[in-house]
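In what follows, a single structure is set out as structure tokens and then discussed.
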Amino acid sequence: MAACSELEIVLNELKSHIESTAAINTNAVLEPVVKTYVEVVVLPTYASLKSKVDHLYDTVVALASAPSNTTFETACEAWLEARQPWETSEAFLFGPVANLGLDPNMDSWPLDQNAIVQLLNSGDWEQLNWSGDYDEDNDGIAAAQNVRGFHTLEFLLFKNGQARTVK
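The sequence shown finishes on residue 171 if you use this note's numbering, and the numbering steps up by one all the way, no holes.
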């Protein structure tokens, strides 16, 4: 709470400075800043995320086709690698990531561990889908979000912070 109060004070001080400095509130000044931010931070982060998630997918497919302690460890390492750019990207959740519900579909918490186990036992993968436009108030969407994404894969790959092992 104290940190939030301090942040509010700093932001209020900055707000008055920015509002009183009309010269920096122009498109000519701000457009290059936004362009640089997008080109140097946002796009490379999403490119890294795509590349690392592609690799994660490949390691999970390899694990499913040939379960072993080595393929578990490889998938766990790929999960850790893919998680890093996702965490970075959460600093700029706007546009399709926010509007189409990509964040809660990739990173919902808490998990519904019972539903994950039931889903795995049933093999009814249709439970992961919903129809219609994204709507945060749709219960079907929330139910699907709680059984997929990074945290679900973490639950399946890791146990007590270590890669699961084949028995």
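We put the beta carbon where it would ideally sit given N, CA and C, even for glycine.
Go ahead and pull the three-state DSSP assignment for residue i.
i      : result
Ala70  : coil
Asp62  : helix
Lys171 : coil
Asn150 : coil
Thr25  : coil
Asn133 : coil
Using DSSP bridges, identify the partner residues of residue i.
i      : result
Ala32  : According to DSSP, which records beta bridges pairwise, Ala32 is partnered with nothing at all.
Ser163 : Sequence check: residue 163 is Lys here, not Ser. The partner list for Lys163 (beta bridge, DSSP) reads Gln166.
Are residue i and residue j touching if we call contact CB-CB under 9 angstroms?
i      : j      : result
Leu115 : Phe159 : yes
Ser126 : Gln149 : no
Asn73  : Ala167 : yes
Ala131 : Val151 : It should be noted that the sequence gives Gln, not Ala, for residue 131. Cβ atoms of Gln131 and Val151: closer than 9 angstroms.
Ala86  : Val57  : yes
Return the Cβ separation of residue i and residue j in integer angstroms, given the expectation that the two are a contact with Cβ distance under 8 angstroms.
i      : j      : result
Tyr50  : Ser93  : 6 angstroms
Leu157 : Trp83  : 6 angstroms
Asn103 : Gly153 : Not confirmed; about 17 angstroms, so no contact.
Compare the C-beta of residue i with all C-beta atoms of chain D and state if any pair is closer than 9 angstroms.
i     : result
Thr25 : No chain D appears in the structure shown, which is made up of a single protein chain.
Extract the residue ranges of the alpha helix (DSSP H) inside the region 87-118, only unbroken runs of 4 or more that lie entirely within it. 100-103 and 106-111
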